[in-house]
Amino acid sequence: MQYDLDSGSHSVYSLHYHLILTTKYRRGVLIEERTNFIRGIIEGFADNYGVELINLDGEDDHIHVLFRAKQTTDLVKFINTVKGATARRIRNEYEDKLKNELWGDSFWNSSYCLLSTGQVSLDVLKQYVEEQRES
1 MQYDLDSGSH SVYSLHYHLI LTTKYRRGVL IEERTNFIRG IIEGFADNYG VELINLDGED
61 DHIHVLFRAK QTTDLVKFIN TVKGATARRI RNEYEDKLKN ELWGDSFWNS SYCLLSTGQV
121 SLDVLKQYVE EQRES
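For the sequence shown, position 56 matches number 56 in full-length UniProt numbering, and the numbering has no gaps at all.
Below you can see the structure in the form of structure tokens.
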């Protein structure tokens, strides 16, 4: 089996993750336009954290984010930035449309799911994420 490896000064690695975020109260507010808006936000700062966004999609109440990280990436800090920056920007951009569906300052559920993708190939995960809106 051939791997696409990254390298550090004393190591080689391949770190791929699957992050799942749900909206507060599992409200179905993530229409495709808003999901694309979120993708753009994350792409804007991912490099600062040593992260490469592979894919992002989901359904109306949650998103799946597939990404590749460096071994020095602080995953918790990256995820908190993802949640904070996207929530703030999407609430500012779509405030009038969201005020009846989400109240208060929250956009995302306070929890998240982060999985390493070692048990499943990236192609299988990529296909799964791409087919989210089709099922």
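Don't be surprised by glycine CBs; every beta carbon is placed ideally from N, CA and C.
Suppose the cutoff is 7 Å on Cβ atoms and the five residues either side in sequence are ignored; what does the same chain contact list for residue i look like?
{"i": "F37", "result": "I90, E93"}
{"i": "E101", "result": "R27, V29"}
{"i": "K24", "result": "L102, S106, F107, W108, N109"}
{"i": "G50", "result": "A69, K70, T72, T73"}
{"i": "D132", "result": "Residue identity differs from the one stated: residue 132 is Gln in this sequence, not Asp. Cβ neighbours of Q132 beyond the five flanking positions: D57, G58, E59, H64."}
Here's the rule I'm using: 16 or more other beta-carbon atoms within 10 Å means buried, otherwise exposed. How should residue i be labelled?
{"i": "F67", "result": "buried"}
{"i": "D74", "result": "exposed"}
{"i": "Y13", "result": "exposed"}
Check this for me: beta carbons of residue i and residue j, under 8 Å apart or not?
{"i": "Y17", "j": "A69", "result": "yes"}
{"i": "H62", "j": "L122", "result": "no"}
{"i": "D57", "j": "T86", "result": "no"}
{"i": "N55", "j": "K126", "result": "yes"}
In the DSSP output, which residue or residues are listed as bridge partners for residue i?
{"i": "F67", "result": "Y17, L53"}
{"i": "G104", "result": "Paired residues: none, contrary to the question."}
{"i": "E59", "result": "H62"}
{"i": "V29", "result": "Answer by DSSP bridge pairing: none, since V29 is not bridged."}
{"i": "S116", "result": "Y17"}
{"i": "V12", "result": "S7"}
{"i": "T72", "result": "T72 pairs with nothing; no bridge assigned."}
{"i": "T22", "result": "H62"}
On the premise that residue j lies in contact with residue i, defined as a C-beta separation below 8 Å, what is that separation, rounded to the nearest angstrom?
{"i": "N81", "j": "F107", "result": "Correcting the residue type first, residue 81 is Thr in the shown sequence and not Asn. About 14 Å separates the two Cβ atoms, so there is no contact after all."}
{"i": "D60", "j": "L30", "result": "5 Å"}
{"i": "I41", "j": "L53", "result": "In fact, because the Cβ distance is near 11 Å, the residues do not count as touching under 8 Å."}
{"i": "V76", "j": "L19", "result": "V76 to L19, Cβ: 11 Å. No contact."}
{"i": "L115", "j": "I79", "result": "12 Å between Cβ atoms; not a contact."}
Which residues in the same chain as residue i place their Cβ atom closer than 8 Å to its Cβ, once the five residues preceding and following it in sequence are excluded?
{"i": "R39", "result": "L53, L56"}
{"i": "H10", "result": "none"}
Cutting at 6 Å between CB atoms, please list the residues of its own chain near residue i, excluding the five before and the five after it.
{"i": "L15", "result": "A69"}
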